[in-house]
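Data first, discussion second: the structure below is written as structure tokens.
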Amino acid sequence: GENVEQHPSTLSVQEGDSAVIKCTYSDSASNYFPWYKQELGKRPQLIIDIRSNVGEKKDQRIAVTLNKTAKHFSLHITETQPEDSAVYFCAARSNDYKLSFGAGTTVTVRA
Amino acid sequence: GAVVSQHPSWVICKSGTSVKIECRSLDFQATTMFWYRQFPKQSLMLMATSNEGSKATYEQGVEKDKFLINHASLTLSTLTVTSAHPEDSSFYICSARAGLNTEAFFGQGTRLTVV
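Protein sequences appear in the order of chains W and F.
According to the working numbering, the first sequence is numbered sequentially starting from 1143.
According to the working numbering, the second sequence is numbered sequentially starting from 46.
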């Protein structure tokens, strides 16, 4: 099955700086890569996603890049704000249409 | 996005009893629902996949007789934790999607505490 690895596990940034989270996946058949933000005790919220026919996607301060050859994808958050503090999960969906999640990154934005 | 409602949001039960958790898609028909378990500070682990009208498919290591899943309609799936024990205490989250290649939406989760 699919195996998704996520780094770093924790990330502390100064408000206004950028945050980058990286993920790798193992199944070359995976074709959909969503990113979720989860606040403590709440449901994961989809913040951005990318499909395998696209190399980059941007939505305001959030961007995702995908390198199919290397099987890795990254989340970039620019101009971070305190409300960006949360746990972020990457995921990959393969041919069985199931999502496999990374271990998560706890992001702390220091004011 | 679409709305998935999970009930209850939290439950405390005694060891040995059973607990039922409901997952409803409120504004779309969910052909597939997924059940996840999330321990503190860990990732979401898929427990099982349920398709309306058929038996659920369980992930390796998940006991199907302990975690009973019923997907009786296109808007409702239930997870019953039978003979619950303290080690079953966790955050259980469902997600639902309308079709194979569509986005899956998450319920708000159920915090289960077994005492």
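Backbone N, C-alpha and C define an ideal beta-carbon position, used for all residues, glycine too.
{"Item": "Let me see if you follow: with CB-CB separation under 7 Å, is L145 of chain F close to chain W or not?", "Value": "yes"}
{"Item": "Compile a chain-ordered list of the residues in the stretch 81-95 of chain F whose CB is closer than 7 Å to at least one CB of chain W.", "Value": "S88, L89, L91 and T94"}
{"Item": "Among F:T102, F:K59 and F:A141, which residue has its Cα nearest to the Cα of L119 of chain F?", "Value": "F:A141"}
{"Item": "Which same chain residues, not among the five before or five after I57 of chain F, have their C-beta less than 7 Å away from its C-beta?", "Value": "T158 and V160"}
{"Item": "In angstroms with no decimal places, state the Cα-to-Cα distance between Q51 of chain F and E1198 of chain W.", "Value": "34 Å"}
{"Item": "Using the three-state DSSP reduction, which class does P1224 of chain W fall into: helix, strand or coil?", "Value": "helix"}
{"Item": "When you compare each of F:E104, F:R69, F:A101 and F:M92 to P53 of chain F by their alpha carbons, which one comes out closest?", "Value": "F:R69"}
{"Item": "How about the stretch 1183-1202 of chain W and the stretch 142-158 of chain F: do they share at least three Cβ pairs that are nearer than 8 Å?", "Value": "yes"}
{"Item": "Going by the CB atoms, is the gap between G1244 of chain W and V1146 of chain W shorter than 7 Å?", "Value": "yes"}
{"Item": "What residues are listed by DSSP as bridge partners for L121 of chain F?", "Value": "F:R69 and F:S118"}
{"Item": "What number of angstroms, rounded off, separates the C-alpha of Q105 of chain F from the C-alpha of S1194 of chain W?", "Value": "28 Å"}
{"Item": "Could you give the distance in angstroms between the alpha-carbon of T1247 of chain W and the alpha-carbon of K100 of chain F?", "Value": "34 Å"}
{"Item": "Which of helix, strand or coil does DSSP assign to E132 of chain F?", "Value": "helix"}
{"Item": "Of all Cβ atoms in chain W, is any one closer than 7 Å to the Cβ of F151 of chain F?", "Value": "yes"}
{"Item": "With DSSP run on the structure shown, which of helix, strand or coil describes K1179 of chain W?", "Value": "strand"}
{"Item": "Mind reading off the beta-carbon distance from Y103 of chain F to M92 of chain F? Whole number of angstroms is fine, and I expect it under 8 Å.", "Value": "7 Å"}
{"Item": "Given that a residue counts as buried once 16 or more other Cβ atoms are within 10 Å of its Cβ, and exposed if not, what is K109 of chain F?", "Value": "exposed"}
{"Item": "By the DSSP assignment, the beta strand (DSSP E) with D1201 of chain W in it spans what residues?", "Value": "E1198 to D1201"}
{"Item": "Looking at the structure shown, is F84 of chain F part of a helix, part of a strand, or coil, going by DSSP?", "Value": "coil"}
{"Item": "Is any beta-carbon of chain F found at less than 7 Å from that of P1150 of chain W?", "Value": "no"}
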